[in-house]
């Protein structure tokens, strides 16, 4: 895959650096570089491969089993500044059936415990937009995407218990993400410049309403909560 990445500001002009808020409330354009080349334009060639092992099945509509994914992105050293890098990630998810139930179209779902772990790592020179964004609906719930940091190495852990109720299920969850001290290794250190934590936890309760998840999530870093509506499953 060959990509051309152009970073622009709100006026559609090419942006070389991100914005930075000074202590006195002023806005500076001397934030971290937006591209690896430092020009606002990157050309990057990569190869991608993944291996998926999925033995999940449905028990009265509840997902049970295991799903593991290993993915590798290899930068080929073609393009601005010859970006040669390796980005890899491993995701392990287990759906553990907590009670045996009689199977049938009109039978209730079993309660299920979901355990999830994800590790991601980067070697070489990557622009900040290609490292791992910590925080977000597919990382640590309750935070916006990248709110906790941008890092070369991450570890995410999560647990969710699903309890069946009539025609659906309710659930409780807890999640944690950590940059393993690698945020400072990202070019320009955006995590440090924007005073992001580099780690964070959340927990909450939710209910599945058709294809929609309605969940109340507490962000442990802030001690505040909010209601979110999401489509599909987190795991």
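Numbering (full-length UniProt numbering), first residue to last: 1 to 235.
Cβ coordinates follow ideal geometry from the N, Cα and C atoms, glycine included.
| Taking the beta strand (DSSP E) that residue 39 falls in, what are its first and last residues? | Looking at the DSSP string, residue 39 is not in any beta strand (DSSP E), and its letter there is neither H nor E.
| said: Just list the residues that DSSP pairs residue 199 with in beta bridges. | reply: 178
| field | Of the residues 52, 172, 219, 32, the one placed nearest residue 234, counting alpha carbons only | value | 172
| query | Roughly how far, in whole angstroms, is the beta-carbon of residue 148 from the beta-carbon of residue 200, given that I think they are within contact range, below 8 Å? | reply | 4 Å
| task | Compute the distance between the beta-carbons of residue 139 and residue 186, then report whether it is under 8 Å. | result | no
| task | Identify, in the order they occur along the chain, each residue of the same chain with its Cβ nearer than 6 Å to the Cβ of residue 182, setting aside the five sequence neighbours on each side. | result | 151, 152, 153
| said: According to DSSP, residue 57 sits in a beta bridge with which residue or residues? | reply: 64
| message | Going by DSSP in three states, residue 47 sits in which element: helix, strand or coil? | response | strand
| message | Classify residue 57: buried if its beta carbon has 16 or more other beta carbons within 10 angstroms, exposed otherwise. | response | Exposed.
| said: So the candidates are 118, 164, 143; which of them puts its Cα closest to the Cα of residue 60? | reply: 164
| task | Keeping to the same chain, check which residues put their C-beta closer than 7 Å to that of residue 107; ignore five residues upstream and five downstream. | result | Hits under 7 Å: 60, 101.
| Proximity to residue 193 [Cα-Cα], best of 180, 155, 73, 32 | 32
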